[in-house]
Amino acid sequence: MSNFGNLPRTVLTALAPLVWGTTYVVTTELLPQGHPLFAGLLRALPAGLVALAITRTLPRGAWWGKAAVLGVLNIGLFLPLLFVAAERLPGGVAATLGAAQPLVVAVLAVTVLRESPSVRRIVWGVAGVAGVGLVVIGPNAALDATGVVAGLAGAVTMALGVTLTKRWGRPEGVGATAFAGWQLAAGGLFLVPVTFLVEGAPPAIDLAAGLGYLWLGLVGGLVSYALWFHGITVLPVTSVAVLALLSPLVAAVLGVVLLGQTLGPVQIAGFGLSLAAIVAGQLPGRVRPRSAVPPLERTLS
25 MSNFGNLPRT VLTALAPLVW GTTYVVTTEL LPQGHPLFAG LLRALPAGLV
75 ALAITRTLPR GAWWGKAAVL GVLNIGLFLP LLFVAAERLP GGVAATLGAA
125 QPLVVAVLAV TVLRESPSVR RIVWGVAGVA GVGLVVIGPN AALDATGVVA
175 GLAGAVTMAL GVTLTKRWGR PEGVGATAFA GWQLAAGGLF LVPVTFLVEG
225 APPAIDLAAG LGYLWLGLVG GLVSYALWFH GITVLPVTSV AVLALLSPLV
275 AAVLGVVLLG QTLGPVQIAG FGLSLAAIVA GQLPGRVRPR SAVPPLERTL
325 S
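This note's numbering applies: residue 25 is where the sequence shown begins, and numbers increase by one.
The structure is reproduced here in structure tokens:
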């Protein structure tokens, strides 16, 4: 399929990180403070249960184990690590560490998916991380060892989940909503004991918080993850991974539009560099010409 033919799928997949970019402003402006894991739990488990109720489709055979592994990697482990990094690091530092995910996916594509190494992917992955860093890291950014480890572990965890999702694919006859529901439910169930052990009783929820949780669960959870996992199954995994760079960029734009923050020349340059990395990540790789195949190999193929 041509690159133009992939454009509609790419746009739909990109909607997921665009929506995830609203998480910061929703969390800071609408949700009760000090309960990030509870927010992650409500983002995952209700959406997963709703998806299962709508589709009435459960895993079969080996997919019980695969769905559990993917749910824990993509959601159950990723969200706590993300929130730990966000709490212990400035938001810009945490976002930049998370932006390393495409780099990790480029490595895993070689080791797990047996794809050929690509210098282009590495270069643009580094450019994307640098661009996000220029956009969101302030001059007084401080580093915390635990936060840095959590941020990098979160990037590795989700990168592995994305890569395994691509390797295992989606069972025949199972739609994207059901597939997302399996993982959201598995990740949410994993988060239940973690949340109550770490945070204790849930907070009081007023109207604003209720709307925030509804947005995170319905749109940021069910809809976004269905689009995201569908994109992973139909697009090159490295192309999907680099789309995650959209999330911190959207968060920066919302900070300007809604919170009165500003973007200087350095931030604008970083924004452009990140967008260039995202676009470059969607371009097809170099294909070896048919004439380059040895004659004997052509004869046997």
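Note that the Cβ used here is the ideal one computed from N, Cα and C, for glycine as well. A quick note: this is a predicted structure, and the numbers were derived from the prediction, not measured.
| Query | Result |
| --- | --- |
| Distance CB(Val93)-CB(Leu240) smaller than 9 Å | no |
| Cβ neighbour criterion (16 or more within 10 Å) applied to Ser140 | exposed |
| Burial state of Leu320 (16 or more Cβ within 10 Å) | Confidence in Leu320 is poor, its pLDDT being 44 and thus under 50, which makes the residue's placement unreliable; the coordinate value appears in the next sentence. Exposed, by the Cβ-count rule. |
| Pro318 in three-state terms, based on DSSP | Because Pro318 carries a pLDDT of 49, less than 50, the predicted location of this residue cannot be relied on, and no value is offered for it. |
| Straight-line gap, Leu242 to Leu251 (C-alpha atoms, nearest Å) | 13 Å |
| Cβ distance (whole Å) where Gly95 is taken to contact Ala209 below 8 Å | 7 Å |
| Endpoints, alpha helix (DSSP H) assigned at Ser263 | 261-267 |
| CA-to-CA distance, Ala200 to Val264, given in whole angstroms | 16 Å |
| contact_flag[the region 148-161, the region 213-227] where n(CB pairs < 8 Å) is 3 or more | no |
| Exposed unless 16 or more other CB atoms sit within 10 angstroms - verdict on Arg112 | buried |
| Anticipated Cβ contact below 8 Å, Thr257 with Arg194, distance rounded | 5 Å |
| Thr219 vs Leu61 beta-carbon contact at 9 Å | yes |
| Inter-residue Cα distance where the pair is Leu278 and Ala300 | 20 Å |
| Cβ-based burial, Ile292 [other Cβ within 10 Å; buried from 16] | exposed |
| Nearest residue (CA-CA) to Leu259, options Ala233, Leu307, Tyr237 | Leu307 |
| Simplified DSSP assignment, three categories, for Ser140 | coil |
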